[in-house]
Each structure stands twice: as C-alpha cells, then as structure tokens.
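The numbers in the sequence shown follow the UniProt record's numbering, run straight up by one, and end at 272. See below for the structure under consideration.
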Amino acid sequence: MAGIVVVFDFDKTIIELDSDNWVVDELGATELFDQLLPTMPWNSLMDRMMKELHAQGKTIEDIEEVLRRAPIHPRIVPAIKKAHAIGCDLRIVSDANMFFIETIVDHLGIKDCFSEINSNPSYIDEQRRLRISPYIDFHSSPHACDLCPPNMCKGMIIERMQASFSKEGKRRMIYLGDGAGDFCPSLKLKEGDFMMPRKNFPVWDLICKNRALLRAEIHEWIEGEELEHILLELIETISNLNSAQMLSVDCKFETIPMAAHEALPPPLKVHH
Ligand SMILES: [Mg+2]
Ligand SMILES: [Zn+2]
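Dropping the structure here:
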C-alpha cells in the first residue's frame, strides 16, 4: 500500500532477542562483556568486544554463523513479506549494527523487503576484525536528546523521514519497537500514525506512564503472531481510509463514506 511507511526496531522486535548479547553470549564472552559494561558506552563496548573475540581466534565466519541462528518467531518473516508484497515501504531503525542486521535479514530472505536500514555503521578491517562505530559521532557532533543514548537518537531518524515525506506527499507511519530507545521516536509520530509497542517491555512501560505525550494511536502486541495480526489489520484500515479520502476528495463529498467510517473505531478527520 503506497503511502504507508512501517518502521521496525530490530532486536526483540524482528528477532526474539538482542543481537549484541546473542553474539557475545554464543561466542563465550559474557563475563568480559559484563566486566567492561560499567566502564564504557554500549556501542563502544561492542566494538571492543569484536576486537577481544578476534584476539581469541573467533572469525567473521563464526560471528555470521551465530547470527544465522538467532531465534525469531515463525510469524515475523511472513508478516514482513506480506506487508512488503502489498506495497508498504518497510524500514529498520536499530541500535545494533549494520553487519549483524544485514547478515540476519539476508539469511531470512527479507533483505529486499526493506528500503532503508538505519543502524550503527560497521566494517571489516584489514585484520578481518569487525569494527562497529556510533551512528552519531558523539564527540564531534553530539545530539541534544536526553532520552537517547549518545550514539543514536531514533527520534532524529524519524524526523528526517518525516521531512522527506513532506516533500514527497502524505505518508502514515506505523512504528514497532520494544526498547527504551523506541520511546523517543514514538513521541515524534503524528496524529494519524500508529505506535505498536511490545507489551511489558521498556517502551510499553514508558508509554503507559506518558500516554498524553503521544499523538499516534497505540496498539500493543506481545509476540510474533499478534504482531502479524495487528500490523496487517492496521495496514488494511489505513488503506481503506486512504481510498475513502481519495473518493471523498474526488467526489467533493463533505461526509465520510460509510465503509471507511465503520472500519475505523475512533473519529476520523478527512482533510480536503
Ligand atoms: Mg529492540
Ligand atoms: Zn532521542
């Protein structure tokens, strides 16, 4: 459906766990990770952990093999493929890193479903070590958001998307996430957008405590089957709404066509 942009967080939203922890744990470096965590930002620590793992003889191929085994709920890939097939613009915004995400979505066969993956940059250096750097260089140009970690403000990424939509024409956004880092972008969503927080996860707690700050309609989900059901239902609702709007504009109707009205429980405004 043209006009719908679906933004996914990655860890604990697309895959079932945190990819950083998964790699560190599966390659046997949990203890070192826990020791170093109080001493540096998470993103810098992941770069450091990749150096440590390399020093212990772990290769890029070992990391890829672990990533390909990352657990995922069986309904997530079908949901993503369906949303893409019906024409939604799908994007990822994640505080993991490009290498982890690309390895996994490539393995799942859904890489081409996404028009954008926004995450911390990564590359393989001359010694075949995976290097991870911050999405935002917090030394030279720190962001001003006090809700987000220094290396990434997901709200800024959403605002950048919104600025490009205002040039390209109206879009409705659906955002799915679980973490505290998904709260800032949820505040950037506008009326007519949809927030899908994972229930009983940090973003859901933050939204429950600050409900009045959100302009988007909130639809919580717990696991993959519910994610699929709610996401596809929202896409259908927006599609009906968009075609109703087009119809009413074309025909110069002052009222909302009945079918669209019934499909959408809350009052709906049609802007002429
Ligand atoms: Mg997450
Ligand atoms: Zn932020």
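Even for Gly, the Cβ is constructed at its ideal location relative to N, Cα and C.
{"Item": "Cut-off 6 Å between Cβ atoms - residues of its own chain near I15, not counting five sequence neighbours on either side", "Value": "A70 and I72"}
{"Item": "CA-to-CA distance, V5 to P185, given in whole angstroms", "Value": "14 Å"}
{"Item": "Counted within 10 angstroms of its Cβ, other Cβ atoms place G109 as buried (16 or more) or exposed", "Value": "exposed"}
{"Item": "Buried versus exposed call for K209 [16 or more other C-beta atoms within 10 Å across all chains shown]", "Value": "exposed"}
{"Item": "Exposed unless 16 or more other CB atoms sit within 10 angstroms - verdict on N118", "Value": "buried"}
{"Item": "Rounded C-alpha distance that separates L36 from S44", "Value": "10 Å"}
{"Item": "Selected residue, minimal CA-CA separation from E65, among F100, L206, E191 and D95", "Value": "F100"}
{"Item": "Proximity test, K82 beta-carbon vs ligand 1 heavy atom, cut-off 7 Å", "Value": "no"}
{"Item": "beta-carbon K154 near ligand 2 non-hydrogen atom, thresh 7 Å", "Value": "yes"}
{"Item": "Local conformation of F114 per DSSP, three classes", "Value": "strand"}
{"Item": "Local conformation of S94 per DSSP, three classes", "Value": "strand"}
{"Item": "Own chain, CB closer than 7 Å to D20, minus 5 neighbours either side, in chain order", "Value": "M46 and A96"}
{"Item": "When I222, H143, W22 and F201 are compared against D182, the one with the closest alpha-carbon", "Value": "F201"}
{"Item": "Assigned secondary structure, R129 (DSSP; H/G/I helix, E/B strand, else coil)", "Value": "coil"}
{"Item": "Nearest candidate by alpha-carbon position, reference D62, set L90, R128, L176 and A83", "Value": "R128"}
{"Item": "Spatial distance of C88 from A212 (CA atoms)", "Value": "28 Å"}
{"Item": "For L27, the three-state DSSP class (helix, strand or coil)", "Value": "coil"}
{"Item": "Validate contact between the region 227-240 and the region 190-197 using beta carbons, cut 8 Å, 3 pairs", "Value": "yes"}
{"Item": "F10 versus G169: straight-line alpha-carbon distance, rounded", "Value": "27 Å"}
{"Item": "Nearest-angstrom Cα separation, counted from V77 out to I235", "Value": "16 Å"}
{"Item": "L67 and I80 closer than 8 Å at C-beta", "Value": "no"}
{"Item": "A83 versus K188: straight-line alpha-carbon distance, rounded", "Value": "23 Å"}
{"Item": "Boundaries (first-last residue) of the beta strand (DSSP E) holding S158", "Value": "Looking at the sequence shown, residue 158 is not Ser but Ile. Per DSSP, I158 belongs to no beta strand (DSSP E); it is in the alpha helix (DSSP H), K154 to E168."}
{"Item": "With 16 other Cβ atoms within 10 Å as the buried cut-off, status of S94", "Value": "buried"}
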